[in-house]
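In UniProt numbering, the protein residues as written are 1 to 447. Glycine included, each C-beta is placed from N, C-alpha and C at the ideal position. Quick notes on the structure that follows.
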């Protein structure tokens with residue numbers, strides 16, 4: 001089959017990937033003719049995006065639990081409360097769950113439909129002699145762009161190019177944990193667990209595992225995510241990362257837990273089993289005119305609920321930096337460089353601390369199974385993620401970009417970031433079509 005090559009306008013940015021990061025960046029760039037933290041970043045990207053989230057989100061059922069992120073409980077016995085962890089934002093966000101596909105579809109509606117091309121998978125990237133980037137897709141089409149942002153997930157082809165990997169899954173690590181996932185009608189869950197446990201977010205901690213439940217679908221369904229450590233295996237031995245019909249395995253692995261947990265696992269007839277992977281720290285998120293964002297840059301485990309939030313933060317910072325670079329003539333390459341330097345430490349720290357959070361929940365952390373020590377850790381473990389001063393960090397990044405453009409890198413800001421990173425570690429804690437919007441030219445691929 002002959003290939004079809006399309007060139008996007010000079011200076012155009014190709015966004016590869018149809019997840020939360022790619023969609024958020026497309027929305028953010030569109031509104032820069034030249035705005036807990038995931039929601040704050042969405043509001044800064046585009047208030048309409050934040051409104052989409054609030055419209056679709058499901059929260060805890062009890063008004064007294066509105067600000068509750070998770071009630072951490074003992075998994076053995078009668079689910080004694082260890083710690084009630086609450087968010088401290090003005091909206092009392094608590095644990096706000098949202099259907100990923102519905103959220104993405106609603107966000108994508110903020111982007112003109114004829115800008116987006118679906119069912120295209122990137123298979124290869126080339127940098128041409130003219131300093132443009134040539135994208136090869138599995139349908140034999142090709143696109144040439146001046147700049148590329150890879151938002152194509154943990155199996156990222158763009159990451160493979162940026163890091164010079166032999167295979168997209170190089171640098172991806174099995175975390176020696178897996179989860180059983182399933183859904184229970186809320187009516188059934190309330191009948192068997194009681195309304196308090198069923199309709200508000202709970203996490204049951206136990207030896208080498210934990211069980212998370214929370215309401216979804218407008219409160220009509222209880223979502224169940226049961227985590228287990230896989231301490232006997234250093235690698236995932238199955239070809240697929242998701243295994244079907246694993247009910248017997250799950251029930252066997254949670255034998256001997258307390259009544260609430262055994263009741264929960266009995267309600268899941270045939271849950272799926274998902275292996276958990278993350279990225280090892282990348283030495284960079286940028287190679288020339290190509291940059292990584294979201295899971296393509298720093299795929300993480302779900303133990304801190306911060307993966308999507310980091311993708312949105314990435315999108316906000318990159319959109320803001322590119323907007324300033326365009327309006328002031330500071331150069332997109334300088335914007336990419338500053339984005340890499342500013343976002344890499346924080347996002348990689350989220351990945352690292354997510355791993356240790358999973359160990360804490362499985363009672364293999366420093367607190368062990370001691371309820372007092374667990375409470376002391378859990379009550380403040382997430383503060384540095386949720387209370388991050390996004391606006392202040394953006395201002396620092398813009399100042400650094402201005403310094404880069406003037407040929408004077410902001411060494412003081414770099415030292416500040418390195419100091420913060422050391423402190424955190426010490427405490428454990430693109431498309432065949434395109435449109436112009438306000439002078440911007442970009443295209444987005446759902447890959």
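Uninterrupted alpha helix (DSSP H) stretches at least 4 residues long and entirely within the region 90–158 occur at 100–108, given in chain order.
The region 373–380 makes no contact with the region 286–299, as fewer than three CB pairs between them are under 8 Å.
Distance from the CA of residue 344 to the CA of residue 317, rounded to the nearest whole angstrom, comes to 12 Å. For residue 231, the number of other beta carbons within 10 angstroms of its own is below 16, and it is reported as exposed. Distances from the alpha-carbon of residue 271 to those of 386, 288 and 182 put 182 closest. For residue 215, the enclosing beta strand (DSSP E) covers residues 209–216. Looking only at 104, 237 and 365, the smallest Cα-Cα distance to residue 206 is reached by 365.
DSSP places residue 378 in the uninterrupted alpha helix (DSSP H) bounded by 371–378.
Counting the other CB atoms within 10 Å of its CB gives residue 103 a total of 16 or more, which places it among the buried residues. Residue 23 is a Cβ neighbour of residue 108, given a cutoff of 8 Å. Nearest in C-alpha terms to residue 342, of all of 141, 278 and 396, is 396. Under the 10 Å beta carbon count, residue 87 is surrounded by 16 or more other beta carbons and is classified as buried. A Cβ-Cβ contact shorter than 8 Å links residue 307 with residue 300. The beta carbon of residue 155 is closer than 7 Å to those of 168 and 169 in its chain, skipping five residues each way along the sequence. Put simply, the region 60–78 touches the region 253–273. At least three CB pairs are less than 8 Å apart. In this structure, the straight-line span from the alpha carbon of residue 64 to that of residue 382 is close to 21 Å. Counting only runs of 3+ residues, the beta strand (DSSP E) found wholly inside the region 155–198 occupies 172–185, in chain order. Contact annotation: residue 61 and residue 199 have beta-carbon atoms nearer than 8 Å.
Our two residues, residue 283 and residue 348, have alpha carbons roughly 10 Å apart in a direct line. Approximately 17 Å separates the beta-carbon atoms of residue 95 and residue 179; this is outside 8 Å, ruling out the contact. Remark: C-beta atoms of residue 311 and residue 21 approach each other more closely than 8 Å.
Apart from the 5 residues on each side of it in sequence, residue 124 sits with its Cβ closer than 6 Å to the Cβ of 136 in its chain, given in chain order.
Sequence-distant partners of residue 315 (beyond 5 residues in either direction) whose C-beta falls short of 7 Å from its own C-beta, in its chain, are 21, 24, 25, 28, 45 and 293.
Excluding the 5 residues flanking it on each side, residue 245 has same chain C-beta neighbours closer than 6 Å at 270, in chain order.
Between residue 340 and residue 285, the beta carbon gap of about 5 Å places them in contact (Cβ cut-off 8 Å). Runs of the beta strand (DSSP E) spanning 3 or more residues and lying entirely within the region 51–97 occur at 68–74 and 81–86, in chain order. When C-alpha distances from residue 184 are compared across 208, 149, 152 and 220, the shortest belongs to 220.
Taking residue 172 as reference, the option from 187, 153 and 189 with the minimal CA-CA separation is 153.
In the same chain as residue 187, and ignoring 5 residues on each side of it, no C-beta atom comes closer than 6 Å to its own. From the listed residues 14, 52 and 74, the smallest Cα separation to residue 369 is found for 74. Ranking 386, 274 and 253 by CA distance to the CA of residue 239 puts 274 first. Burial state of residue 128 is exposed, judged by a 10 Å Cβ sphere holding fewer than 16 other Cβ atoms. Between the alpha carbons of residue 278 and residue 302 lies a gap of roughly 10 Å. Taking 8 Å as the cut-off, the beta carbon of residue 394 is found no closer than this to the beta carbon of residue 330.
Comparing alpha carbon positions, the residue from 105, 148 and 15 closest to residue 49 is 105. For residue 204, the enclosing beta strand (DSSP E) begins and ends at 202–206.
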